[in-house]
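Chemist:
So, in structure tokens, the structure goes:
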């Protein structure tokens, strides 16, 4: 009632947000805090020029969503809520600290299909791409934005093909910039996989993207999620063209086949990783030149090993 009565008074809204923040550590308060999310985003939208309300509001929303995640409570912001976050992004497009908070928030809410659809409706993708171009060095921003891109591109709902195509070079730039950061690389690989499934790659993208994905595998072979995402993205590219297949066997930094064999042996006790590697191999054998190279690298020994270890799969 207080927030509704004094909606236009900045100081009143900020004090209310700070008071609510004091209850966050009490897990039993979550059901009540969830009812305030709409009022918090409304306060942020009403006072979009107030940096303090934006930072405090985003921080509180992140705390609430983190609590909800811990307690397996599904939360979806409505269209008004998502549009207010987008307003924050646009109003404070040069504030790196605030954008890092907002992008993390967007990543968390985009896991909900309803929220992802609302984000698409309010046109968030061009803003995300602009943020990535401006703050390519920021690991948290890159991680979050790629997470949102994955959620939006992986959705079965219609996506704006032209907008999504413009995400390919930006996501590739993120991967190139953060190859040594396994967490960001995982997120970028999953975004590239989703973009490839939506047919967003042009012929000119095939070879450089394949090379980047192989670099990601080379530098982070011990990360199972990254290996799965990279193999799924590579499989999707090979399904589209022979160009990625040829790059895979003739990569200047070393044989892609040996790299895949190494990753498979490293994660042989993880059925999901092995399954995704098999999906990639299934695409590789569609091309005669690749098959010849696989035979020369004794790939059939690995396949026999997989078959005997996973007889029911």
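In the UniProt record's numbering, the protein residues as written are 1 to 313. Beta carbons are placed, not taken as given, at the ideal position from N, Cα and C, and that holds for glycine.
Determine whether the beta carbon atoms of residue 138 and residue 185 lie at a separation below 8 Å.
Modeler: Start at 1 with the first residue of the chain shown, and residue 138 comes out as number 138. Start at 1 with the first residue of the chain shown, and residue 185 comes out as number 185. Contact flag unset, no.
Chemist: Ends of the alpha helix (DSSP H) at residue 111?
Modeler: Working through the chain shown from its first residue, we reach residue 111 at position 111. Here residue 111 belongs to no alpha helix (DSSP H), and DSSP marks it neither H nor E.
Chemist: Hey, how far is the Cα of residue 167 from the Cα of residue 112?
Modeler: Within the chain shown, numbered from 1, the residue matching residue 167 stands at position 167. Within the chain shown, numbered from 1, the residue matching residue 112 stands at position 112. Approximately 21 Å between the Cα atoms of the pair.
Chemist: Taking the alpha helix (DSSP H) that residue 319 belongs to, which residues open and close that run?
Modeler: Outside the displayed range of the chain (1 to 313) lies residue 319, so it cannot be described from this structure.
Chemist: State the Cα-Cα distance for the pair residue 170 and residue 263, rounded to the nearest angstrom.
Modeler: Translated into positions along the chain shown, residue 170 becomes position 170. Translated into positions along the chain shown, residue 263 becomes position 263. Going from the Cα of residue 170 to the Cα of residue 263 covers about 27 Å.
Chemist: Should residue 162 go down as buried or exposed, given a rule of 16 or more other Cβ atoms within 10 Å for buried?
Modeler: One-based indexing of the chain shown puts residue 162 at position 162. Exposed, by the Cβ-count rule.
Chemist: Within the same chain, show all residues whose beta-carbon is closer than 6 Å to that of residue 87, passing over the 5 residues directly before and after it, in chain order.
Modeler: Looking up residue 87 in the chain shown gives position 87. Around residue 87: 45 and 48.
Chemist: So, with DSSP's three-state summary, where would you put residue 147?
Modeler: What you label residue 147 is simply residue 147 of the chain shown in a count that begins at 1. DSSP places residue 147 in helix when its eight states are reduced to three.
Chemist: Are residue 247 and residue 211 closer than 8 Å when you measure CB to CB?
Modeler: One-based indexing of the chain shown puts residue 247 at position 247. One-based indexing of the chain shown puts residue 211 at position 211. Contact flag set, yes.
Chemist: Roughly how many angstroms separate the alpha carbons of residue 251 and residue 193, rounded to a whole number?
Modeler: As a position in the chain shown, residue 251 is number 251, starting the count at 1. As a position in the chain shown, residue 193 is number 193, starting the count at 1. Spanning the two alpha carbons is a distance of roughly 20 Å.
Chemist: Would you say residue 175 lies against chain D (beta-carbon separation less than 8 Å)?
Modeler: Within the model displayed, chain D is absent; a lone protein chain is all it includes.
Chemist: Would you report the Cα separation of residue 255 and residue 198, rounded to the nearest angstrom?
Modeler: Numbered from its first residue, the chain shown carries residue 255 at position 255. Numbered from its first residue, the chain shown carries residue 198 at position 198. Computed Cα separation, rounded: 28 Å.
Chemist: State the Cα-Cα distance for the pair residue 154 and residue 283, rounded to the nearest angstrom.
Modeler: Position 154 of the chain shown, counted from the start, is the residue given in the question as residue 154. Position 283 of the chain shown, counted from the start, is the residue given in the question as residue 283. When only Cα atoms are considered, residue 154 and residue 283 end up about 20 Å apart.
Chemist: Go ahead and pull the three-state DSSP assignment for residue 199.
Modeler: By one-based count along the chain shown, residue 199 stands at place 199. It is coil, neither helix nor strand.
Chemist: Considering residue 73, what are the terminal residues of the alpha helix (DSSP H) in which it resides?
Modeler: Residue numbering aside, residue 73 sits at position 73 when the chain shown is read from its first letter. Careful: residue 73 lies outside any alpha helix (DSSP H) and carries neither H nor E.
Chemist: Please report the distance separating the alpha-carbon of residue 85 from that of residue 103.
Modeler: Your numbering for residue 85 matches position 85 in the chain shown. Your numbering for residue 103 matches position 103 in the chain shown. A direct Cα-to-Cα measurement between residue 85 and residue 103 gives close to 9 Å.
Chemist: Just how far apart, CA to CA, sit residue 39 and residue 28?
Modeler: Along the chain shown, read from residue 1 onward, the residue named residue 39 stands at position 39. Along the chain shown, read from residue 1 onward, the residue named residue 28 stands at position 28. Each residue's Cα considered, the two are about 20 Å apart.
Chemist: Does DSSP classify residue 209 as helix, strand or coil?
Modeler: Here the question's residue 209 lines up with position 209 in the chain shown. Helix at residue 209.
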